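Asker:
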Amino acid sequence: MAARARGTGQAKGRRSPAKPKAPATPTATAPATAAAPAAATAAPAASPAGQRPAALRLAAAAQLIEAAGLCVAAAFAAISTADGKSSQAASGVALTVFAVAVAVGIALIAAALVKARPWSRTPTVMTQLLVVIGGIALLDGHRPEWGVPALLLAAACLGGLLTPASLRALNRPPVKSR
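With the sequence shown counted from 1, adding 18 to any position gets you the numbering used here.
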């Protein structure tokens, strides 16, 4: 491994992928068909570094929709508490405040998911597992108008989160040992 490859100035062993070589001077007489493949291969390398996979954005959008749905549920809880339908006023208020706090937390996780923060993967998966459990409980309680959308959103979020492109975007770079 310490030996150098002849004429390259690089050590033998694992090599980085070959990069297309650009001509030293642009020529005006080059045919248009020769320039098209070079532009096509250069386009992925020139894409902005901030561009996140579409599946990751889908997962974040599903998280945001779930947070909005939780805010709607919190509003229903607040209305029920105000109408006196809660068993105790304090528990109704606590449920409403808790639902809003959880919705804010889910929205923050979605924002971290959009930014491809590696830590956001685990809370997202755990949130979706809880949404699946809640969706099944809603279906069991004869509330398909709430259960089915919850299950569909959880499936969309997990599907978007577990695509290879999303997993690559959320992986931490390897730690270099000395």
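Glycine residues also receive a C-beta, built at the ideal position from the N, C-alpha and C atoms. Keep in mind it's a predicted model, so treat the numbers as computed, not measured.
Might you give, ordered along the chain, the residues of its own chain that have their beta carbon closer than 6 Å to the beta carbon of Ala128, omitting 5 neighbours on each side?
Answerer: Ala78, Gln81, Leu82
Asker: Checking 8 Å against the spacing of the C-beta atoms, do Ala92 and Val118 come in under that value?
Answerer: The criterion of a C-beta distance shorter than 8 Å is satisfied by Ala92 and Val118.
Asker: Just to confirm before moving on: does the CB-CB distance between Leu169 and Val143 stay below 8 Å?
Answerer: no
Asker: Using the Cβ count rule (16 or more neighbours within 10 Å means buried), how would you classify Gly159?
Answerer: Looking at its Cβ environment, which holds fewer than 16 other Cβ atoms inside 10 Å, Gly159 is exposed.
Asker: Throw me the rounded Cβ distance for the Pro136 and Arg190 pair, which I believe falls under 8 Å.
Answerer: Rounded, the Cβ-Cβ distance is 5 Å, consistent with contact.
Asker: Using CA atoms only, rank isn't needed, just tell me which of Arg139, Ala96, Ala173 is closest to Ala112.
Answerer: Ala96
Asker: Going by Cα to Cα distance, which pick from Ala183, Arg186, Ile154, Arg161 is closest to Ala173?
Answerer: Ile154
Asker: For Gly110, count the other beta carbons within 10 Å of its own beta carbon; 16 or more makes it buried, fewer makes it exposed. Which is it?
Answerer: buried
Asker: If we count the other Cβ atoms within 10 Å of its Cβ and call it buried at 16 or more, is Gly163 buried or exposed?
Answerer: It is worth fixing the name first, because residue 163 is Glu in this sequence and not Gly. Result: exposed.
Asker: Would you tell me roughly how many angstroms separate the C-alpha atoms of Ala183 and Pro192, rounded to the nearest one?
Answerer: Taking the straight line joining both Cα atoms gives about 17 Å.
Asker: Please confirm whether Ala73 and Thr181 have their CB atoms less than 8 Å apart.
Answerer: yes
Asker: Is the CB-CB distance between Arg75 and Val132 below 8 Å?
Answerer: yes
Asker: From the DSSP output, in three-state form, read off Gly159 for me.
Answerer: Three-state result, Gly159: coil.
Asker: Under DSSP, the alpha helix (DSSP H) around Gln81 begins and ends at which residues?
Answerer: Element bounds for Gln81: 72-100.
Asker: Under a three-way DSSP split, which group does Arg7 fall into?
Answerer: Past the boundaries of the shown model lies residue 7; the chain is included only from 19 to 196, so the question cannot be answered.
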